[in-house]
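Reviewing the structure listed below.
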Amino acid sequence: MDKIQLGELIKSLDTELEIKEGKQFLEVTVPPSKLYLLAKKLREREDTQFDFLFCLSGVDYGQDLGVVYHLRSTKFEHVVVLKSRTSDREHPQLDSVADIWKTADFHEREVFDLLGIKFANHPDLRRLFLDNSWGFPLRKDYVDDINIVTK
Amino acid sequence: MEKNIISVISDEKQEYIINMGPQHPSTHGVLRLVVSLQGEKVISVQPHIGYIHRGIEKMCESITYPQIIHLTDRMDYLSAHINNEAVCLTVEKALEVEIPDRIKVIRTIMSELTRIQSHQLWWASFGMDLGGLTCFFYGLRDREKILDIFEETCGGRMLVSYNCPGGLMYDIHPNFQKHVKEFIKYFRKILPEYDQLLTGNVIFKERSKGIGPLSLEDAISYGITGPSARASGFSCDVRKHEPYSAYDRVQFKEILFTGGDTYYRYVARIEEMWESMNIIEQLIDNIPEGPFAVKMKPVIKLPEGEYYQRVETARGELGVYLISDGNKNPYRLKFRSPNFVNLSVLNHIAKGFKIADLVAIGGSLDLVIPDIDR
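Listed in order, the protein sequences are those of chains U and H. Per our numbering, the first sequence starts with residue 151, numbered consecutively. Per our numbering, the second sequence starts with residue 15, numbered consecutively.
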């Protein structure tokens, strides 16, 4: 399935989604409340079968915090990028997709560790690299006077 | 007397927690595994990582693209050249620079040499993990020959930093082709010895066949890539599916097995060395003439947008996800490192096996710790 067909198909699942044809992949912006259901549909539908979550990254967009999911189907070889943003910087929370793709377990722990985004229903949400005394270093407002030199 | 025996049995039913690492010879780096045992049986493995977390992704946000290349060497130090290539390809894709054939071919040859030397070191240490110390000497002896070629070409032995955005740092050494051909000739004779030493060994087979099986569905769900996944039948070779550099002009086959246990993960890597030699042989006599680098602007600024590039390192798929806001350094750079993902399956496949098998399973996943921690 090419990008246009895939875009139309995802549009038919939910008409309110914001779909953008990026340079490389099809990009779908999902509100956090709909993320889990859309992910589950894309995984389970016969004509999409996105069974391989090959990258999950947390991003600090300045105002918002967001998570980007890169999904591929090993059968059809098509790719879609899901993006979900939350504007709550104090208690950011998204739904975990760890029960759909098991690889999300570690990825989500990394995002929680470095950006402080919590994932609801995650089986084991602990910090991964750093201990609890650290802040969230990948955030743009992270302050470290000793190690980060600003010119 | 009878009472004592009963108490011993009930003790065995209890879980016993031991700490493996961070300093342990078989974890190949500072990986700490907290293992719950029942007798000798592994109940669960909890990896604790972050001992050498350097925050490379954060550092990248404040340095320029040519500088980032030198940090990628330090992630998976055994696939240093391939990591460099990933960042260069991302930058070149963003700037839409056309890369001359000479650069593509040299990059491919260097990548395959990197893959061979990485698998050699893995073979050496995997044999050692299972008690065959001879492997270690054989593997390192042969790896030295590739490192000598690297040293002659670019000065570095492990952390080569040979790539730069737009091409290569320097042209190849006049002796490059000669020495690579000599190595291939030598290694074609030596590689069957590896088989005789380990692959056909009864003790080795006993310790690896049926140990740590990974099914195709689990491999995909856990996102495992590289030889570890191809041993389970997951066709995930980026060189085939999304050819970059000069992989579209060479003939090679993707190594696929369906066994999925420690033994097949081992065989997949041995077979990959043969394929890598095939690729090098097809290219080494046909390096086109031309410049070794495209002239780039002194300060590289990428246009605003998002870019994703994936390459096949010796351990699996390395993805570079780059968000640019138009400045000279990236807004966000994420490395989807193969080892980080491959580690997550360890608990799943080691469950129910003996503690000695955990060493074999960990070795067969071929983990490089700096790539996990980044």
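No residue lacks a Cβ here, since even glycine has one placed at the ideal position from N, Cα and C.
Taking 8 Å as the CB-CB cut-off, is residue i touching chain H?
| i | result |
| --- | --- |
| D238/U | no |
| F286/U | no |
| H220/U | yes |
| T224/U | yes |
| T179/U | no |
| K153/U | no |
| G172/U | yes |
| T253/U | yes |
| L215/U | no |
| D291/U | no |
| L280/U | yes |
Does any residue of chain U have a CB that is nearer than 8 Å to the CB of residue i?
| i | result |
| --- | --- |
| I31/H | no |
| V105/H | no |
| H67/H | yes |
| S21/H | Low confidence applies here, because S21/H scores a pLDDT of 42, under 50, leaving its location unreliable; read the following figure in that light. No, because no Cβ of chain U sits closer than 8 Å to the Cβ of S21/H. |
| N18/H | Because the pLDDT at N18/H is just 46, under 50, the model does not fix this residue reliably, and the value given afterwards should be weighed accordingly. By this cut-off, N18/H is not an interface position. |
| I63/H | yes |
| D162/H | no |
| E71/H | yes |
| D387/H | yes |
In the structure shown, what three-state DSSP assignment does residue i receive?
| i | result |
| --- | --- |
| K225/U | coil |
| L230/H | helix |
| L288/U | coil |
| H62/H | strand |
| A260/H | coil |
| M183/H | coil |
| I32/H | strand |
| G153/H | helix |
| I19/H | Note that I19/H scores a pLDDT of 45, beneath 50, so its modelled location is shaky and nothing firm can be said. |
| C168/H | helix |
| N292/H | helix |
| T272/H | coil |
| N177/H | strand |
| L419/H | There is no way to answer for residue 419/H, as the model of chain H reaches only from 15 to 388. |
| P384/H | helix |
| S50/H | strand |
| H8/H | For residue 8/H there is no data in the structure shown, the boundaries of chain H being 15 and 388. |
| Y277/H | helix |
| H220/U | strand |
| S249/H | coil |
| D391/H | Beyond the ends of chain H as shown, which are 15 and 388, falls residue 391/H; an answer cannot be given. |
| S234/U | strand |
| L215/U | strand |
| K72/H | helix |
| V44/H | coil |
| K219/H | helix |
| K254/H | helix |
| I83/H | helix |
Assuming residue i and residue j form a contact by the criterion Cβ under 8 Å, report the distance between their Cβ atoms to the nearest whole angstrom.
| i | j | result |
| --- | --- | --- |
| F306/H | L182/H | 5 Å |
| L297/H | T122/H | 6 Å |
| V231/U | R222/U | Going by Cβ atoms, the distance from V231/U to R222/U rounds to 10 Å, so no, they are not a contact pair. |
| L357/H | I386/H | 6 Å |
| I238/H | V359/H | 6 Å |
| S207/U | Y335/H | 5 Å |
| Y176/H | M124/H | 6 Å |
| F349/H | E71/H | 7 Å |
query = Taking any Cβ of chain U, which residues in the stretch 318 to 335 of chain H have a Cβ under 8 Å from it, in chain order?
reply = G319, E320, Y321, Y322, R324, E331, G333 and Y335
task = Name, going along the chain, the residues of the stretch 183 to 208 of chain U whose beta-carbon falls closer than 9 Å to a beta-carbon of chain H.
result = D201, F202, L203, F204, C205, L206, S207 and G208
query = Taking any Cβ of chain U, which residues in the stretch 336 to 364 of chain H have a Cβ under 7 Å from it, in chain order?
reply = I337, R346, K348, R350, F354, V355 and S358
key: Inside the stretch 302 to 381 of chain H only - alpha helix (DSSP H) runs reaching at least 4 residues   = 352 to 357, 360 to 364 and 369 to 379
key: Positions along the stretch 256 to 268 of chain U whose CB lies within less than 7 Å of some CB in chain H   = F256
key: Completely contained alpha helix (DSSP H) runs for the stretch 238 to 294 of chain U, where each covers 4 or more residues   = 254 to 265
message = Taking beta-carbon pairs under 9 Å, can you tell me which members of the stretch 220 to 250 of chain H lie near chain U?
response = E231, D232, I234, S235, Y236, G237, I238, T239, F248, S249 and C250
Segments of 3+ residues assigned as beta strand (DSSP E) that fall wholly inside the stretch 157 to 207 of chain U = 168 to 171 and 176 to 180
query = Unbroken beta strand (DSSP E) runs of length 3 or more, entirely within the stretch 115 to 155 of chain H: which are they?
reply = none
key: Unbroken stretches of the alpha helix (DSSP H), 4 residues or longer, contained in the stretch 86 to 112 of chain H   = 94 to 109
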